[in-house]
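Novice: When we follow the working numbering, the leftmost residue of the first sequence carries the number 320, and every step to the right adds one.
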Amino acid sequence: MIDVHLFREDREQLAAALARRGVDRAEVDRVAELDVEARELLRTQELLRTQVKELSRQVRAAQQRGESETAAALREESRALGAREREAGATTEAAQQVLREALLLLPNVPDDEAPDGSGPEENVELRRWWPGIDSGVSAPAYQSHQRVPHWEIGEQLGILDLERGARLSGSMFPLYRKMGARLIRALSAYALARHVDVYEEIRPPTLVLTDTMTATGHLPRFSDEGYHIERDDLWAIPTAEVPLTSLYRGETLEEAELPMRFCAVTACFRREAGAAGRDTRGLLRTHEFDKVELMAYATPDQAAEIHADITARGEGLLQELGLMYRVLDLCTGDLSAPSARTLDLEVYLPGVDRFWEVSSVSWYRDYQARRANIRYRPRGGGPPVLVHTLNGSALAWSRIWPALVETGRQPDGSVRLPECLAPYLGGETVIRRRD
RNA sequence: GGAGGGAUGGCAGAGCGGACGAAUGCGCGGCUCUUGAAAAGCCGUGGGGCCUCGGUCCCCGUGGGUUCGAAUCCCACUCCCUCCGCCA
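Put into structure tokens, the structure is as follows:
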């Protein structure tokens, strides 16, 4: 959530920044007015409250002097004021609630560096990588045996069973078999092993409270996107970012502890309500997928370096896996609501001939931390300061899996997997037809 | 699911209707003493909001209630601990 002070002190600048991502000026003005209103109501209420407290003191004093009639009169006066105070309190609270809701719905202020644009087509491609690029090899010319979509490969090799997945849970709930299942497990083990040097491994809960979903910005704005278990009022996490960001919710850290870095592999659940019917073939879009997530709390000074590190780790994995990918700098119109700056990593799938997002590395500044109330005590003293939060995937396996089987497909129909996975696959890096 | 106990500042822990945002100890910071350190002594030390920067209001797990007045009494809930039941 945006600092409400900006609406008082820097409204013009704020409105201009938010306009870059399509927020109507009227929205900004409305929040500013709600803020003024709520403060006025608060002042009225506090004045009444002060009077009640003063009268209560006088009641006691009168009682101690034995003046019971005076005490009774004062009590009566205070009672009347108290009723008015309660009324004013209710009004104030209602106004503050309206203000809070409006603030929660507003997206973050984009970073100055984020490119302008109104939608995905205006994202800026920063770089592109493929095996051998460093030694001057030109972009790969994929062969016809690689131009087979992964759902066909998966069926041929018996490693992906979408029909039975759908039987269990409906469409877009994939079921992997044999080496296909093992590959997912291997990828998670491989990636975590690469990150635990610096990122503490966490195994968080998969179902979380509404407060936990609200802290990251997934609620209230995107309630349609989440699986909600009504009976217990719990949400299935759409990404490990959600539990990881709330790990220290409500706490005050010491500056010396920062940056704090975490990684986790979890299942991720998405209803894909807004994308119904699009990209539904194979594994392109699924309701459940496994992903390794990196997440950090940082001081504002540390944030840029962490952002670069998470990006580098995602890229590092893609390079070791030998997959062509590109890096996009998301324009203001495509930025997720809580993010100030996001770099997307997109892997190339030769079988379906398209780049597909496998990681979104985002810097939220203090937008999530303000919702989650996570602060740190500065080394040199002074009041606690909100942390910056950052996160990114490394990586989303439901899209790496297709990239690997399509890219690694041999002329004989078998699939060759990258050597870096051998230790996690029992040494076997070829998936053959009769596996 | 059942029974009982608990939740107070960075930590421990007192307070159980009136000047309590809260004793005391530890920790932390500063100073004195010391060649230096330790010890000792002295002083300081939670967070948030609002305004005319001097004030003022809120926060004792959360939400409600009683009262002129609530950390303190009542109700509900959450979480933690102990025991029982069930269970991978």
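Virtual Cβ for every residue (Gly too), placed ideally from N, Cα, C.
Based on DSSP bridge pairs, tell me the residues matched to M491.
Specialist: Looking at the DSSP assignment, M491 forms no beta bridge with any residue, so it has no partner.
Novice: Helix or strand or just coil, what does DSSP make of H606?
Specialist: Here H606 sits in coil by DSSP.
Novice: To which residues does DSSP link S678 through a beta bridge?
Specialist: L664
Novice: Give every residue of the same chain whose Cβ lies closer than 6 Å to the Cβ of A688, excluding the five residues on either side of it in the sequence, and list them in chain order.
Specialist: L705, V706 and T708
Novice: Terminal residues of the continuous beta strand (DSSP E) containing V515?
Specialist: Taken as a continuous stretch (DSSP letters only), V515 belongs to no beta strand (DSSP E), as it is neither H nor E.
Novice: Are at least three pairs of beta-carbons, each pair with one atom in the stretch 632 to 648 and one in the stretch 447 to 457, less than 8 Å apart?
Specialist: yes
Novice: Would you mind stating whether H606 and E591 have Cβ atoms separated by less than 8 Å?
Specialist: A contact, by the Cβ cut-off of 8 Å.
Novice: DSSP beta-bridge partners for S387?
Specialist: Bridge partners of S387: none, in fact.
Novice: What do you reckon, are the CB atoms on I556 and T585 nearer than 8 Å?
Specialist: yes
Novice: DSSP three-state call for D754: helix, strand or coil?
Specialist: Only weak support exists for where D754 lies, its pLDDT of 49 falling under 50; the coordinates are left without a value.
Novice: On the CB-based measure, 16 or more other CB atoms within 10 Å of its CB, does S488 come out buried or exposed?
Specialist: exposed
Novice: Hey, would you say C587 sits closer than 8 Å to L613, going by beta carbons?
Specialist: no
Novice: Does DSSP put R358 in a helix, a strand or coil?
Specialist: In the structure shown, R358 sits in a helix (DSSP, three-state: H, G or I).
Novice: Answer yes or no: do V428 and A631 have a C-beta to C-beta separation smaller than 8 Å?
Specialist: no
Novice: Tell me the start and end of each unbroken beta strand (DSSP E) in the stretch 699 to 750 that is at least 3 residues and wholly inside, in chain order.
Specialist: Listed in chain order, the beta strand (DSSP E) runs fully inside the stretch 699 to 750 are 707 to 715, counting runs of at least 3 residues.
Novice: Counting only runs of 3+ residues fully inside the stretch 400 to 457, write out the beta strand (DSSP E) ranges in chain order.
Specialist: 443 to 448
Novice: Please go through the same chain and pick out, in chain order, the residues whose beta-carbon is closer than 8 Å to the beta-carbon of D754, but skip the five residues on each side of it.
Specialist: Because D754 sits at a pLDDT of 49, beneath the cut-off of 50, its placement in the model cannot be relied upon, and the following sentence gives the value as read from the coordinates. Cβ within range, chain order: L476, G477, I478, K497 and M498.
Novice: Tell me whether A691 sits in a helix, a strand or coil according to DSSP, three-state version.
Specialist: Three-state result, A691: helix.
Novice: What residue does the beta strand (DSSP E) around E549 start on, and which one ends it?
Specialist: Boundaries for E549: no beta strand (DSSP E) harbours it, and the DSSP string shows neither H nor E there.
Novice: Do you know offhand how far G701's Cα is from T571's?
Specialist: 13 Å
Novice: Report yes if the CB atom of A414 is closer than 8 Å to the CB atom of L367, and no otherwise.
Specialist: no
Novice: I'd like to know whether the C-beta atoms of S397 and V371 end up nearer to each other than 8 Å.
Specialist: yes
Novice: Thinking D609 and S712 are a contact (beta carbons under 8 Å), I'd like their distance in whole angstroms, please.
Specialist: Cβ-Cβ separation between D609 and S712: approximately 11 Å, too far for a contact (criterion under 8 Å).
Novice: Where does G596 land, buried or exposed, given buried means 16+ other C-beta within 10 angstroms?
Specialist: exposed
Novice: At which residues does the beta strand (DSSP E) containing R330 begin and terminate?
Specialist: From DSSP, R330 is part of no beta strand (DSSP E) but of the alpha helix (DSSP H) over R330 to A338.
Novice: If you count every other CB in all the chains shown that lies within 10 Å of the CB of D343, and 16 or more means buried, which is it?
Specialist: exposed
Novice: Would you kindly report the start and end of the unbroken alpha helix (DSSP H) that includes A534?
Specialist: T529 to T535
Novice: Quick one, are the C-beta atoms of L603 and W675 less than 8 Å apart?
Specialist: yes
Novice: Exposed or buried, which one is P524 when buried takes at least 16 other CB atoms within 10 Å?
Specialist: exposed
Novice: Going by alpha carbons, who is nearest to L637 out of C739, E331, H464 and A534?
Specialist: Minimum Cα distance to L637 is reached at C739.
Novice: Compare the Cα-Cα distances from D758 to each of G545, D628, R501 and H537 and report the closest residue.
Specialist: Any answer about residue 758 is impossible in this case: the structure gives the chain only from 320 up to 754.
Novice: Can you have a look at Q332 and say buried or exposed, based on whether 16 or more other CB atoms are within 10 angstroms of its CB?
Specialist: exposed
Novice: Alpha carbon to alpha carbon, how far is V677 from P657?
Specialist: 19 Å
Novice: In chain order, which continuous runs of the beta strand (DSSP E) of length 3 or greater are located wholly inside the stretch 584 to 635?
Specialist: 607 to 617
Novice: Please list the terminal residues of the continuous beta strand (DSSP E) segment that includes L553.
Specialist: Its beta strand (DSSP E) spans residues L553 to A555.
Novice: For L393, collect the residues of the same chain with a Cβ closer than 8 Å to its Cβ; drop the 5 residues on either side in sequence, then sort them by chain order.
Specialist: L374, Q377, V378 and A381
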